[in-house]
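Following: one structure in structure tokens, then a few remarks.
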Amino acid sequence: MTAYATTGTLLALSLLAGSAVAPRPVAPEPTPLAAAPRLVAYDSCAAALAGLRAAATAAVGPWGFGPGWRTGMAFDGALPADAAARPEAAPPGGARAADGAAPEHSTTNSHEPGADEPDLVKTDGRRIVVVSQGVLRVVDPATRKVTGQLDLSAGDAERRWWPESNLLLHGDRALVLVRRGAPEVLPATERPADPGRPAAPEGPRLLLVDLAGRPTVVGTYRIEGNLLDARQTGATARVVVRTQPRLSFPYDERRTDAERTAANRAVIAKAGLDAWLPRYDWTADGVPHTGRVGCDRLSRPATGTGTALLTVLSFDLAAGRLGDGDPVTVASDADTVYGTADSLYLAGGGGAGWRDGWGGMPRPGPERTDIYQFDTAGPGRPRYVGAGSVPGTLLNQYALSQWQGHLRVATTRSGSPSGTSESAVYVLARRGDRLTETGRVAGLGRGERIFSVRFLGGTGYVVTFRQTDPLYALDLTDPAAPGRTGELKINGWSAYLHPVPGDRLLGVGQEADDRGRAQGLQVSLFDVHDPARPARLARHHLPGNGSVAEFDPHAFLFDPATGLVALPLHTGGVRLLTVTERGITDVGAVAASRGAVSRSLLVDGRLWTVADDGLAVADPATARGLAWLPWT
């Protein structure tokens, strides 16, 4: 089977080979970082409870734990059994090529090779699997027919309110990840009655679906909390969940702040472990099971929190069941997941005195990002290996990059020593169980913040913006002396950066006027073969428009063999461009849908676009529509 080249393949095509490197400026003397948040396992459940209470007591104030805090967590009915989702009558899905080989096909635009990311559509070349508004559909790209359908919403008339769902795919198994707040798959009147069974936790739901014949749910799982993200390496899927403690704080406006804080601390002092440790519920062979993360699976950093827990679950998609997820839990907080073929990183801002974003709510503690690294080279439960901390906050997972044993981290500090916002890239290496700094490039974009980052081997690119768009080129080949090599200033900004062959970089974002006001979608082609002098070779501007690819890289499609770029537009349809080493050509628009288009993929030389109301097939060379498969 031959697949279209993806991000991992492009590393060999792009900026890693033979680029001239300009002399580096002398690296500034690093300032001390906060102590790395080392993880320590609790000796007993009593010690775990005491630690969680102490951390929560230190963090609580008169209004609870601060902005966004939810007082307690709701519970609903029992998790449905394996037969909960009802397969609709349909012929078997999964068309096979005549010789048994899968046709050429694109894959999800993931950050790192070997670490697939969940998305609302997946293909293996033989089948296209889409989950939309509570329904999973299997499409045969050869016959252009829907060959299987699974109603996850149990016929709910309000499917459009079905929570966000994504997929991971391995062979004949699909793992559907439904975010928090999903209704029960089976109506309550059709669920087996079991008055003695405890209520299942409200939280993300996982459904393991067998695609070999009619799509059928063969396993279910649910855990308290909110789904952060997931990564898949081989047959192993690792799912990261964030949980807040179930604490209901009293409110009395007649009390002073000190009295309200004291009352909240009294609630914490009486809370048991059940308030923190997440419960989960799963089915296997039609038999329901329940469990709770054990104290032996919980670890804490020295600067741990009692306001949130992070749990990493591991599932074997080649098996016919999900099991209990083999959970590992950290008493800390994070909002970013970054994965490679052998590591999983959880990263998030820690604490008060700084503001989240431009003019956001004050948050406690120094403005920093805590990072936890897990070894995921083998199947099964990940192994914690180290933690570190850097000043500033992350934009997204693309601000993290593991390369040759080092982790590069790009952050923005809104209250830097210079008195204004500025950004930096830190290079970390693992020493024992600590991620320690070996070098940094500071002083990027003073008065601005990071809008996009891309690391490609020993080179890094950072875009900052306020009124103009500086594109900084960084030499990171020496982890002890990284440096800035070049800078390009243009109007507008690039919100997503993607490597293309020939030492080129493609930026997708917005044009802007001289005052920094957005003027519509802008695609820029940069020549970065000389790190000292990055230059823009071409641009394509669509006034008054935008693309979901600006903030969701999964919506971006690039085929290095033909130079095809597909961008879903806010105004509808998909814009097709052809990118060469010298320029950008507008191919045209694919507009066969009345609904919003969110994704594009290639199968056997045909372009498939995914919309709310169906799939469209087009010729990628001409943008001519070939077929339309409406959802029914």
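Taken in order, the sequence shown gives residues -22 to -1, 1 to 610; the numbers are from mature numbering (1 follows the signal peptide of the UniProt record, and there is no 0).
Note that beta-carbon positions come from the ideal geometry of N, C-alpha and C, so glycine has one too.
Remember, it's a predicted structure, so these values are computed and weren't measured experimentally.
- If you draw a straight line from the Cα of leucine 155 to the Cα of arginine 517, it comes to about 37 Å.
- A contact between stretches requires three or more CB pairs, one per stretch, nearer than 8 Å, and the region 563 to 575 fails this requirement with the region 484 to 491.
- Residue state for alanine 253 is assigned as helix, using DSSP reduced to three classes.
- Counting only residues of its own chain and dropping the five nearest sequence neighbours on each side, alanine 26 has a CB closer than 6 Å to the CB of Tyr20, Cys273, Leu276.
- The region 233 to 247 makes no contact with the region 199 to 209; the number of CB pairs closer than 8 Å stays below 3.
- Annotated as proximal: aspartate 188 and aspartate 150, with beta-carbon spacing under 8 Å.
- Setting aside the 5 residues that flank it on each side, valine 368 is surrounded in the same chain by Leu11, Arg346, Thr347, Val387, Thr389, Tyr404, each with a C-beta closer than 7 Å to its C-beta; the list follows chain order.
- When the beta-carbon positions are compared, alanine 407 and histidine 384 come within less than 8 Å of each other.
- The shortest C-alpha to C-alpha distance from valine 217 to any of Asp235, Glu426, Arg243, Asp302 is the one to Asp302.
- Rounded to whole angstroms, the separation of the alpha carbons of arginine 243 and tryptophan 41 is 11 Å.
- Within its own chain, the residues whose Cβ lies closer than 6 Å to the Cβ of glycine 541, once the five positions on either side in sequence are excluded, are Thr556, Val557, Thr558, listed in chain order.
- With contacts defined as CB atoms closer than 8 Å, alanine 309 and leucine 324 fail to qualify as a contacting pair.
- In the three-state reduction of the DSSP assignment, histidine 532 falls in the helix class.
- In this structure threonine 354 touches serine 321 by the C-beta definition: roughly 6 Å separates them, less than 8 Å.
- Assignment of arginine 243 by DSSP, reduced to helix, strand and coil, places it in the helix class.
- Just so you know, the alpha carbons of arginine 602 and glycine 126 end up roughly 27 Å apart.
- Between aspartate 481 and histidine 519, the CB-CB gap reaches or exceeds 8 Å.
- Collapsing the DSSP output to three states places arginine 560 in coil.
- The closest CA to that of aspartate 259, considering only Arg232, Val99, Arg183, is found on Arg183.
- The DSSP-derived three-state label of glutamine 375 is helix.
- By alpha-carbon distance to tryptophan 471, the top candidate from Thr214, Pro457, Val431 is Val431.
- Rounded to the nearest whole angstrom, the C-alpha separation of serine 571 and aspartate 591 is 7 Å.
- Within its own chain, the residues whose Cβ lies closer than 6 Å to the Cβ of arginine 299, once the five positions on either side in sequence are excluded, are Gly197, Ala262, listed in chain order.
- Taking leucine 255 as the centre and dropping the five residues before and after it, the same chain places the C-beta of Arg270, Val271 closer than 6 Å to its C-beta, in chain order.
- Around the beta-carbon of phenylalanine 43, 16 or more other beta-carbon atoms lie within 10 Å, marking it buried.
- Distances from the CA of proline 448 to each of Pro460, Ala32, Gly561, Glu465 were compared; the closest alpha carbon is that of Glu465.
- The DSSP-derived three-state label of arginine 192 is coil.
- Considering only Val501, Pro223, Ala510, Ala473, the residue with the shortest C-alpha distance to leucine 30 is Pro223.
- Around the CB of arginine 553, 16 or more other CB atoms lie within 10 Å, so the residue is classed as buried.
- Taking all protein chains shown into account, proline 598 has 16 or more neighbouring C-beta atoms within 10 Å of its C-beta and is therefore buried.
- When the Cα atoms are used, proline 457 and serine 379 turn out to be separated by approximately 13 Å.
- Within the region 450 to 502, the complete beta strand (DSSP E) runs of at least 3 residues fall at 461 to 469, 471 to 478, 482 to 490.
- Under the three-state reduction of DSSP, aspartate 274 is assigned to helix.
- Residue environment: proline 521 is assigned as exposed (fewer than 16 neighbouring CB atoms within 10 Å of its CB, all protein chains considered).
- Setting aside the 5 residues that flank it on each side, leucine 185 is surrounded in the same chain by Val154, Val195, Thr198, each with a C-beta closer than 6 Å to its C-beta; the list follows chain order.
- In chain order, Pro179, Gly181, Thr221, Pro256, Arg257 place their CB closer than 6 Å to the CB of glutamate 202, counting only its own chain and leaving out the 5 sequence neighbours on each side.
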